[in-house]
Structures are given as structure tokens and as C-alpha cells.
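A.B. asks: Be aware that the sequence shown starts at 79, since it is given in our numbering, and climbs by one per residue. The C-beta atom is built at its ideal place from N, Cα and C for all residues, glycine as well. The structure displayed is predicted, hence computed values, not measured ones.
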Amino acid sequence: MHTPTLTWQDDALVIVDQTRLPTEKVLVRLTSADDVFRAIRSMQVRGAPAIGIAAAFGVYLGVRDVATADRQVFLAAVDVVANRLVSARPTAVNLAWALERQRRTLSRHPQASVPELKQLLLAEAQSMIQEDNAVCLAIGRHGAELLRPGMGILTHCNAGGLGTARYGTALAPIYVAKARGIDVHVYADETRPVLQGARLTAWELKEAGVPVTLICDNMAAVVMQRGWVQAVIVGTDRVARNGDVANKIGTYGLAVLAKAHSIPFYVAAPRSSIDLAIASGAEIPIEERDPREVTEGMGRKIAPDGVHVFNPAFDVTPAELVTAFITEVGLVKPPFEQELARIMDLPGPDPKATPPL
Ligand code: MRU
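Quick look at the structure:
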């Protein structure tokens, strides 16, 4: 249960290849920044926190062989690698957050030699894994307070262990509740077109022994209408200052449905996904992906040649549809603009004081 999504082993970043699940669990060794860039872009590693951590390792991998003793030359090399990695996927702010953290790590050590700077980059990336585990488990503890035995929880895409280092964001409350003996039933949207719900969420919940029912995206309304769902919990790629939420395409529709059925709509959001620099969701760049994800689903051509396709990977849910954010420092309720700003400087969970689940 809860296999790490990414680990540092024998001088390489080892990831679970998420394009191969659920039929095969294959580990892939990434040994260069280019490997990391391609793994993020192709979604071998995916989910906002996981791609941030992968990119942090990518910076180290990209500069570990730079042969210079000159700090300025080294910092320029770091910039080149980081600027390329940040372009791998545009919507999740965790990517920029993790790279900025790497830059800050270096600037905190103005006297360090180049070999020391390289080790600092590696150590910072490794600490992000420990921190992510603590953050996700804290989200899990706060979110578990919302859960009661027998509840039905609807989720979308994969904001589980596979989208983070290990424990997930939207699924963490479910794992923590299970560890406390509170069993809930999860409805997992399949999440067209890339099917993260079917391939990943259904797989990881089954592995963890959590009861799960897989539904097509267009079945969410009927499970709500039948009274099977008492809460929706989703993850996020970026939360704007006003509380607008970018998450996997289809999330907005779910939020509208939840409101129509008076079902609370929660967004599990580590603070690394909160972007106070942008005022609203209108400023969040939305990735558009290859039309073939839509026209060649299910391993075969399912649309006529040349048809026009619209394939945004994410949408923006307006803040007024969000009941609360579940963060590592507690639930955040409206007014979001004020409350999101308030929580950003609170002390986070201590990784050293967080036992594994
Ligand atoms: O395109 P993906 O699969 O990377 O999209 C992932 C999501 O939308 C998740 O909900 C989000 O990144 C949070 S993962 C903990």
C-alpha cells in the first residue's frame, strides 16, 4: 500500500511509469534533466505535487556534471535547466514553485562552492519528498474530520498517491479515515480523455483496499441524484488568490452538479498549489494537449479523420462553487481571498514528527 511515486536511488530519480498503469507497474530511471522533462510532458509522472518534485530533481540532474568552479557560471546553468523544465507543463504552479525553491536554496548559501551547491540541490529535492509526505498526511488528517462511516465520496482525475510523492491530496483523507477504521465508498470518474480516474485512481484505491466504483464522467449526475454521494473531493493544479481552482478538465462541471444537488465540494490543496501572484482563474494558463488523446481513445481511432478537436487538460472552477479548501494547515473557508493569504505563512507540519501511515 502507498508505494512511493518517486524515489532517489543509485544516482537516479526512479518513478512509477503512470502511462503503463493499471496493466503493468513499471519503474523508470531518470538520469538527466531531459529524461525528467520528457517524463513530465508525456505524463509518465503527473499530478501537480509529483511533477514539482520531479522537476526539483531534474535541476540537480541537469547540472550535476557541469564542470565549473565559477558560481555565476553554475547559476546560469541552473537557470537554463530550470527554464526548460518549467515549460514542460504550464498549469500546475507546483512546477514553478519547486524550481523557485531550488533557486532560493542556492541564494541562501552565497559562500558555497559549486560541488556544495550541487549537493544542496539534491538535498533540497530529497527534502521535498519528506515534506510532501507530511503535507499530504496533514491534509489527510484535516480532511478525515469531514468523513463519516458509509459516506459516498466522488473524486475526479487522480489526486492520490500517484499525483504526489506517496499519499495524495484528495485521497489522503480517505486513507487516513481508513486507518482510523472509518470506511467510505469512493466513486471515481474515469476522467476522459486520459483516463486518470480509471487507470490510476481505481487502481490505487483497490491496492489500498478502499471500496471504489468506477463511473464514466457523464454518470456523476445520476450518482448524485440517487443520493449516493455526500461529498466531492478533488485536487488542484493551481488556486488563484480569489479561490478560483484549476484542476483536471471536468472538475468545473462536477462543481456545478454538486451545487445543484446541495453536496459540499472540497478542494484538497497543498499550499504549494496556491498562487497568490494571480488575482483570479482567468490568469491561469490552461494546457491544451494533443487532439489524438480525444480521437484515438481506447487504443483505436474513435473519430473521423480531420475532425476539429478542443482538448483542454484543465478547467477553472469559480471560487463560489468551492465549499472549502483542505490544506495542510487546516480547512480554509470563505472569504477565500483573506483566508488563503492568512494561511500562507503559518508553520507547516514537521516531516520529522510525521510517522508514515
Ligand atoms: O493532467 P494531470 O493528470 O497531471 O492532472 C492532475 C490533476 O488534475 C490533479 O487533480 C492535480 O494535479 C492534483 S494531484 C495531487
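Note down the Cα distance separating Asn320 from Ala117, rounded to an integer number of angstroms.
C.D. replies: Approximately 32 Å, taken between the alpha carbons.
A.B. asks: List in chain order: all unbroken alpha helix (DSSP H) runs of 4+ residues lying wholly within the stretch 230-290.
C.D. replies: Those alpha helix (DSSP H) runs which fall completely within the stretch 230-290 and span 4+ residues are 250-257, 280-285.
A.B. asks: Taking 8 Å as the threshold (beta carbon to beta carbon), is Ile341 in contact with chain D?
C.D. replies: Given the protein chain composition of this structure (a single chain), no chain D is represented.
A.B. asks: What residue does the alpha helix (DSSP H) around Gln150 start on, and which one ends it?
C.D. replies: It spans 149-164 - the alpha helix (DSSP H) in which Gln150 sits, taken as one unbroken run.
A.B. asks: Report the start-end ranges of each alpha helix (DSSP H) in the stretch 99-152 that is 4 residues or longer and not cut off at the edges.
C.D. replies: 111-119, 126-141, all fully within the stretch 99-152.
A.B. asks: Per DSSP, what kind of secondary structure is Phe343 in: helix, strand or coil?
C.D. replies: Here Phe343 sits in strand by DSSP.
A.B. asks: For a minimum of 4 consecutive residues, which ranges assigned as the alpha helix (DSSP H) are wholly contained in the stretch 361-390?
C.D. replies: 370-373, all fully within the stretch 361-390.
A.B. asks: To the nearest angstrom, how far is it from the Cα of Gly359 to the Cα of Ala147?
C.D. replies: Taking the straight line joining both Cα atoms gives about 43 Å.
A.B. asks: Evaluate Asn172 with the Cβ neighbour count: other Cβ atoms within 10 Å of its Cβ, from every protein chain shown; 16 or more gives buried, anything less gives exposed.
C.D. replies: Answer is buried; the Cβ neighbour count reaches 16.
A.B. asks: Please report the residue range of the alpha helix (DSSP H) in which Asp210 lies.
C.D. replies: 192-222 is the span of the alpha helix (DSSP H), which, as asked, contains Asp210.
A.B. asks: Hey, would you say Leu139 sits closer than 8 Å to Thr109, going by beta carbons?
C.D. replies: Yes.
A.B. asks: Sort out for me which residues DSSP pairs Ile352 with in a bridge.
C.D. replies: Answer by DSSP bridge pairing, in chain order: Val317.
A.B. asks: Between Met69 and the ligand MRU, is there a pair consisting of the residue's CB and a ligand heavy atom that are separated by less than 7 Å?
C.D. replies: Because the chain in this structure spans residues 79 to 435, residue 69 falls outside the shown range and cannot be described.
A.B. asks: Compare the C-alpha of Ala166 against each of Glu285, Ala132, Gly328 and name the closest.
C.D. replies: Minimum Cα distance to Ala166 is reached at Ala132.
A.B. asks: Lys337 lies in the beta strand (DSSP E); which residues open and close that run?
C.D. replies: First-last for Lys337: 329-338, but that is the alpha helix (DSSP H), not the beta strand (DSSP E).
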